[in-house]
Each structure stands twice: as C-alpha cells, then as structure tokens.
Amino acid sequence: MNKFGYMKKLMEIVTKISFSMKYNEVDASLNIAVKTRICRFNPLKMSSTDTNAKSDGPIPKGARLSRDVANLDTIPPDTLSKVEECLQPFRLSVEKLQDVSSRLRKDLIRGLGKHTHCRAPVKMLPTFVRATPDGREKGDFLALDLGGTNFRVLHVRVVEEMQKLLKMDSKICAIPQEIMLGTGEQLFDHIAACLAEFLESLELKDQILPLGFTFSFPCEQKDIDKSILIHWTKGFNCSGVVGEDVVRLLREAIHRRGDYDIGSVAMVNDTVGTMMSCGYRDQSCEIGMIIGTGTNACYMEEIKNVKRVEGEDGRMCINTEWGGFGDDGSLKDIQTEFDVMVDRDSLNPGVHVFEKMISGMYLGEIARLVLVKLAQDKLLFGGDLSVALLTQDSFETRFISEIEAENTGLQKAQEILSELDLPAGPVDCQIVRLVCDSLSTRSAQLCATALATIANRIRVNRGLDHLSTTVGVDGTVYKKHPNFSEKLQETVRILAPKCDITFLVSDDGSGKGAAMVTAVAQRLAMQSRILEDIDGEEEEEEHEEEDDEN
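So this is what it looks like as structure tokens:
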C-alpha cells in the first residue's frame, strides 16, 4: 500500500471515530433529557412495569403532559420549528384526553345496552366468565389455542397448595393451507387428531379433562361453552363454519374418532385469558389489557348493568372490543392526516379506528408516512426519498422501539435508515427519534385514557371513594417498547387520580389463561352443586319434621 493508500485508510478511521463520538454525544444529551422529562411528568416516584400507579388526589388544575424528549440544540431552530409543527397534531393535552375519556364512557354504556348495543362502536361483549380466580382452583386442564396457521395444545396443572399455574406440556401443530381453505369438518378433524396425538404422548387418553378453547376469530358468545363464528379472518375460509357453534363442531370431530373425550369446554378471548392468568397470581386483578399487534381490554362489570344478560346479582367479565372506538366518527378531531391515510389504505377502512392509532400493526406505517412528509418538505434526508421508504409497511413498528432505546437508539436509527437507503446524518437521526417518541407517546396516552375510563367506571359502579385493582397486561408494544409502560402508567395516574392500579405482565394468557377460565368455571359449577345438595337436604329435613308432627 502506498502513502496515499495509508492516508485514505487513516481518513476513513478518523471519520468513523468522529461520527461515533457525535452519536455518543447526542445519545448522552438525549438520555439526560428523557430522565428529566419523566421526573417533570411524574412528581411522584414511579417504578416500571410491575408497579403501583398511585394517585392521591384530584387531577391538578392545569396538569400537563411533558413532551420534550431531548436536547435538540443540534437541530437548526427553523428546521425544529417546522418539524414540531408537523408533529403538533399528535400532541394531546390532559383536557383533550379527558374529553376522549368522556366520549368512551358514553360508548361503554351504549355497548352494554339491550337496544343500543347494535349501533355501539364499542361492542361490550358478555363473556359469561362470572368470577376471577380465588386461589381454590385445582386440577388438570387442557388448553387449545387456535388463531393462525399454527395452533397449540397444552396440558396445564393448577396446584392449589402452591398457588401455581404450571404448564406441564405443550405441542404446536401446523394447519396446512388446503385445510385452512377446505371444509369445517376437515379443520376440526385435524384439530381432534392433533389433540389425540398429544394426549396419547402423555398417556392421558383415558382421562376426561376440561378444556379451555381460545378461538381468536370474530364470534358471538352465547354462553361459556357456546360461541358462534361471525366470519373468518387471517387467511381461513373453511366452509360450513360461519354461523355455527365452534364448540359443537369440536365435540363432533372428537366423537367421530371415538378414542377419547373431553370434559366441559370454556370459550376464551385472549384478553380474558390475560386477566385470568394474572388473576391467579394476584386476586385483585379485574382488568385485562392487550397492546400488541392489536389492542383490547376486558373487565369485571356488574351484571345488573349488562342489559343483554339476565340477572341482577354478581359480576361478569366484559370483552370491550375497544379497538372499535371511533368507528362512528367520534374521534375525527384527533385523527391526523396520517391516521386517515393508514385507515384508507388498510384492509378494513373505517373499522377499528382507535386500534389503528395505538397498536403495533399500524404504528410503523404512521411513522413512515410522517417521515415521507418531512422528507418531501426537505426537513429530512436533504429532501431525498428512497424506494424503500416509499414502500408501504417498510418502516416496522419494532424500529420505533429500537430507535427509542436509551443507550443505542440513535446508532440504531442510523443503521435502520441506512437499510432503507436513506442518507441520514446525526440531525436526521434525532428528528426520526423525535417522530418515534411522538407516536409512541400518543399511543400510550390514548391507551391510558381508555384504561382510566374503565378503572373510573369500576370505582363508580361500586360506590368507592378509592379503588385498588390490578391490570393484567400482554402484548409486544407494552412489553418491548423501552418506555411505553411508563408513559401509560403516568397518564393513568393523572386521569384516574382516585384509582390505585398495579400492572402485572401476563404469562401466556391464551394458554394458561384459557385453562384458568375453565378452572374457575369448574369451581363455580362445583359450588353450585354443593349448594343444590344442601338445599335438597334442608327440604328433606323439613318434610321429615312435617311427617313426625303428623
């Protein structure tokens, strides 16, 4: 190598070191600012995911949500001003969030109504789960989790003495494309065959075990063991299933085999499973929430308020389907131009509007559209656009989590933007991080607003000055994003100041949770039989006393 070669190599090394130092400086300044923001936002000390979001009074007058995420001095003031102007529609004040909560509160009531339910965007579906775990559940259970091209079969043991929910064994079974598009009989015969192989491998074929069935397709649940398929999604189109009870179809397939049987069946929504799996660990858990690819929540409602179900006493878990909030146009004032574009280009325009502003399936695409707009306005990448950035869904939601990571975020931003063929310098990476923070913050705040609405409703329903409860949570957005959970909890504390809320991350809600729903249903059935036996004995004793008197 001649001296010019050495000089060229040396310059490359110096450039890399200089570039790395710039990123380290930017990351350091950003980390300090992020910590400062959290302290300003939450004057009370808050911990992380499994924490109490304490509240000790009414909402402070003029309470504000902090939004600065970094020391942005390195961004030219004129550029920063224009970027902030573009992001302004994503900034929601406490007053606006309270207004959104008020709208949702009305929609919850509409969804519970006997005559208003059909028009309600938030469907508030009864699950016929009438209790949460109380620690007395025990026994062996099966769980069947069907919601995609694979399904799981599990054997779960509930140990009362240890207060543990144990996954003993599990098996994943594939569903071939020809079965996904074949007849319903073929599908359920395949499920029954896989279940038979699983039981045989564990030498459980001679036992009749209760089964929790997580069937993640749109259904109308008629009872704990009766669920009617409304329509197929996720690439399935099996004939003869829509409009039919899927529990009956499963039982018929098992009976066609004739070599084993199952006990009672409990149909389970994955959100309910999340609540129930956490409920066994913390018996004050009465809310389940998922923030992942989609978003939803369930909670224990007073039966007297569930107008489509007979009864006045007790409680029932309601599957809110809160993703549909706004489907009637009630959220148009907070939808940005980017939300409108995402909805328009989705597979189901006008459906699940709230979910499209929050969940992992859509956050990345919203971010991509914002970046395209900023580049077109020559505020990013020197005005350059790549084919990759112009491709729908090319900016994945996981990129948002990676770019907002505390120590590695800006370096990761550089790598991601490079993969998208974008000429990004340190300032570009800072702006992209600001965009990501704006979207994840809005998502967390809107989700927190819905959760606070439910917590406040439970407190008012029960006539309590203060409510202490636990929320079972699942979903990749909540679990994987570096500060989503903190933003959400902080916002809940402000919007539900009379609710003390513990957040507990679920462990396999669709599997273990399904088994726990079955365990609780079995316990309640056993208690009911005991009460019937006692009532029968009392009647016999009364008859005997009458005979003696005669």
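This note's numbering applies: residue 454 is where the sequence shown begins, and numbers increase by one.
The beta-carbon is built from N, C-alpha and C at its ideal position, and this holds for glycine as well.
Fair warning: this is a prediction, and the values are worked out from it, not measured in the lab.
Paired residues, beta bridge with Asn-772 - DSSP: Beta-bridge annotation (DSSP): Asn-772 is paired with Leu-578 and Cys-751.
How long is the line joining the alpha carbons of His-708 and Cys-647, rounded to whole angstroms? Approximately 14 Å, taken between the alpha carbons.
By alpha-carbon positions, which one of Val-718, Arg-761, Pro-876 and Asp-526 ends up nearest to His-568? Relative to His-568, the option among Val-718, Arg-761, Pro-876 and Asp-526 whose CA is nearest is Arg-761.
Could you check which residue in Gly-716, Val-606 and Asp-560 has the C-alpha nearest to that of Ala-978? Nearest C-alpha to Ala-978: Gly-716.
Quick check on DSSP: helix, strand or coil for Gln-864? Correct three-state label for Gln-864: helix.
Where Leu-525 and Ala-866 are concerned, what is the direct C-alpha to C-alpha distance, given to the nearest angstrom? Taking C-alpha positions only, Leu-525 is separated from Ala-866 by approximately 16 Å.
Which residues mark the beginning and the end of the beta strand (DSSP E) in which Glu-739 is found? Per DSSP, Glu-739 belongs to the beta strand (DSSP E) from 738–744.
For Glu-537, which option in Leu-824, Pro-574 and Thr-861 has the closest C-alpha, if you only look at C-alpha atoms? Distances from the alpha-carbon of Glu-537 to those of Leu-824, Pro-574 and Thr-861 put Leu-824 closest.
Can we say the stretch 621–632 touches the stretch 578–587, given the rule of at least three CB pairs closer than 8 Å? The stretch 621–632, when compared against the stretch 578–587, does not touch it at the 8 Å Cβ threshold.
Applying the criterion that 16 or more other CB atoms from any shown protein chain within 10 Å of the CB defines a buried residue, is Cys-952 buried or exposed? By the 10 Å Cβ count, Cys-952 comes out buried.
What do you reckon, are the CB atoms on Ser-896 and Arg-556 nearer than 7 Å? Between Ser-896 and Arg-556, the CB-CB gap reaches or exceeds 7 Å.
To the nearest angstrom, how far is it from the Cα of Ala-506 to the Cα of Gly-732? Confidence at Ala-506 is low in this model, with a pLDDT of 39, below 50, so the placement of that residue is unreliable and no value is reported for it.
Alpha carbon to alpha carbon, how far is Thr-955 from Phe-807? Answer to the nearest angstrom: the Cα atoms are 24 Å apart.
Buried/exposed call for Cys-571, threshold 16 Cβ in 10 Å: Exposed, by the Cβ-count rule.
Could you pull the DSSP bridge partners for Leu-619 from this structure? Arg-610.
Rounded to the nearest angstrom, what separates Asp-780 and Leu-533 at their Cα positions? When rounded, the distance between both Cα atoms is 34 Å.
Count the other CB atoms within 10 Å of the CB of Glu-673; is the residue buried (16 or more) or exposed (fewer)? The residue in question, Glu-673, is exposed, as its Cβ has fewer than 16 Cβ neighbours within 10 Å.
Could you tell me which whole alpha helix (DSSP H) segments of length 4 or greater appear in the stretch 629–674? Within the stretch 629–674, the complete alpha helix (DSSP H) segments at least 4 residues long are 630–633 and 637–654, listed from N- to C-terminus.
Should Tyr-713 and Leu-652 be called a contact, given that it needs their Cβ atoms to be closer than 7 Å? Contact flag set, yes.
List the DSSP bridge partners of Cys-626. Its beta-bridge partners are Phe-604.
Here's a check: name, in chain order, each residue in its chain whose Cβ is nearer than 6 Å to the Cβ of Ile-811, leaving out the five neighbours to either side. Here the set comprises Thr-748, Ser-896, Leu-899 and Cys-900.
Does Ser-871 pass the burial test, meaning 16 or more other C-beta atoms within 10 Å, or should it be called exposed? With a threshold of 16 other beta carbon atoms within 10 Å, Ser-871 falls short and is exposed.
Start and end residues, alpha helix (DSSP H) containing Lys-940: 937–948 is the span of the alpha helix (DSSP H), which, as asked, contains Lys-940.
With distances taken between CB atoms, is the gap from Phe-848 to Arg-886 smaller than 7 Å? For Phe-848 and Arg-886, no; Cβs fall outside 7 Å.
Secondary structure at Ser-891, three-state DSSP: helix, strand or coil? Helix at Ser-891.
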